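Asks:
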Amino acid sequence: MSAAPRSPAGAGQKRAPRRRAAEQDPGPALPPAPDAGERDREIAAALAAWFDRAARDLPWRRTRDPYAIWLSEVMLQQTRVDTVIPYYERFLARYPTVFALAAAEIDDVLSLWSGLGYYRRARVLHLAAREVTARHDGALPRDVDALRALPGVGAYTAGAIASIAYEQPVPLVDGNVARVLSRIEGIDDDIRSAAGTRKLWSTAERLVRAAAGSVQPGRFNQALMELGATVCTPRNPRCEACPVLGSCAARALGREAELPVISPKRDVPAVAMVAAVVRSGDRVLFVRRADGGLFGGLWEPPMVEAKALADARALLEQAGVEPDAPLREVGRVRHILTHRRLDVTVARAEVAAPWRCRAKLAAPYEKAAWLDPGVLDIGVSKLARKVLSAASAPPAAAARRRR
DNA sequence: CTCCGGGATC
DNA sequence: GATCCCGGAG
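Going by the numbering used here, the first residue of the first sequence is number 75, and it counts up by one from there.
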């Protein structure tokens, strides 16, 4: 388990890692076997040097504004960098300060979040922005505990803001860091288990402290994440490009493909749904989901859990929507969530005139409106966009579509 | 098509 | 432990 950064010449190991002196800080000509602290400092220095030359140029790395860094970290929760970039730019352009965000309407915030997923993040960020203006005069707190007290800020996000925006030597562990550290240290506990989590966080803390002094905490933490994103990848890690190859326990043991250990996911049940795209001229009936649950706060064509159109009609009426025209199947859409696979039958109905919407609808919907389907100033999920697009696709395409 | 990865909250 | 989304890889 213990990594041997420098195997003595002639040691019996199969893959004795040799330092490539030309690529790294050469250090003394014949360094003694380092103690644990020395090894940690070496790892930190090598990672930081690598980060300086290999880091991607990302928009949130060009700012010191804690609000902008906070926003980027929330968007990056469960979401890939390439997806986040355009959302981040638009969001920051519209809400350049925490005050601007706090003053915004939630429907506007959700409209800028549309398509990014995990919509709770947007609602909670908005809440937290209001808290920051009300309780902290608009300045994001500096210390981890005060940060964690904000809604939507957990251990990872608090560590990211404190270290990256405020350069405090505090750790952070996200999926990338968990993978990198489990490999470097040869941690073979399930990274989601209590023991695994504890080991990862204590390792991250030990390293960021060892780094401090020569390497800024924010730079070190970002280097760990960048390595996980670009080199120490889940499959086919590019070990030959790794700045800490010589310190990696997994590599020394030939176990880089086995780590990290992650418990298997439960399989996700399929749910059959019917979506009703009810049109009147160029308007479509949209309903808004109540805050809090699935797609909370977003607008969509009404959808119910049903296998057949006939069942759907009754359920739609229960939900407060009465499509007083025949529903005709026009396509199918599949949408994957964390815990469900939605198989949606898309049905269309044409009505002569928009009817007056009830003020209040049944759960999960709370209100309805006839809107232009291209509407931009409300939140609309990817699923709803797929449904709308299936309903407006030419019939031939719909007929060809398979589940 | 299937599989997989990526945090916070209650 | 359950709830919350989407896109990219294969």
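Where is the CB? At the ideal position from N, CA and C, for every residue including glycine. All figures in this text were calculated on a predicted structure; none of them were measured in a lab.
Name the DSSP beta bridge partners of residue 181, please?
Replies: None; residue 181 has no bridge partner.
Asks: Between 246, 410, 201, which lies nearest to residue 341 when the distance is taken from Cα to Cα?
Replies: 410
Asks: From this set, 466, 253, 459, which residue's C-alpha is nearest residue 189's C-alpha?
Replies: 459
Asks: When the Cβ atoms of the region 208-221 are set against those of the region 392-400, are three or more pairs found closer than 8 Å?
Replies: no
Asks: State buried or exposed for residue 114, treating a residue as buried only when at least 16 other CB atoms are found within 10 Å of its CB.
Replies: buried
Asks: Just checking my contact of residue 166 with residue 132 at CB under 8 Å: how many whole Å lie between their CB atoms?
Replies: Going by Cβ atoms, the distance from residue 166 to residue 132 rounds to 13 Å, so no, they are not a contact pair.
Asks: Would you kindly report the start and end of the unbroken alpha helix (DSSP H) that includes residue 387?
Replies: 383-392
Asks: Take residue 264 and list the residues in its own chain whose beta-carbon comes closer than 6 Å to its own, dropping the five residues that flank it on each side.
Replies: 270, 335, 337
Asks: Helix, strand or coil: which one does DSSP assign to residue 120?
Replies: helix
Asks: Within this structure, are the beta carbons of residue 141 and residue 183 separated by less than 8 Å?
Replies: Contact: no.
Asks: So, with DSSP's three-state summary, where would you put residue 456?
Replies: helix
Asks: How about residue 230 and residue 247: are their beta carbons less than 8 Å apart?
Replies: yes
Asks: Tell me, which residues are paired with residue 405 by DSSP?
Replies: Per DSSP, 420.
Asks: At what residues does the beta strand (DSSP E) containing residue 353 begin and finish?
Replies: 344-354
Asks: CB-CB under 7 Å to residue 111, same chain, minus the five flanking residues each way: which ones, in chain order?
Replies: 284
Asks: Considering only DSSP beta bridges, list what residue 443 is partnered with.
Replies: 360
Asks: Just mark residue 295 as buried or exposed, buried being the case when its beta carbon has 16 or more other beta carbons within 10 Å.
Replies: buried
Asks: Quick check: the region 321-332 against the region 443-458, are there 3 or more CB pairs under 8 Å?
Replies: no
Asks: Please list, in chain order, all residues of the same chain as residue 280 whose beta carbon is under 7 Å from its beta carbon, the five residues on each side excluded.
Replies: 114
Asks: What did DSSP end up calling residue 144 once you bin it into helix, strand or coil?
Replies: helix
Asks: Just grab the DSSP bridge partners of residue 396 for me.
Replies: Looking at the DSSP assignment, residue 396 forms no beta bridge with any residue, so it has no partner.
Asks: Spatial neighbours of residue 164 within its chain, please: CB distance less than 8 Å, with the 5 preceding and 5 following residues excluded, ordered by chain position.
Replies: 186
Asks: Measuring only the C-alpha atoms, how far is residue 143 from residue 442?
Replies: 36 Å
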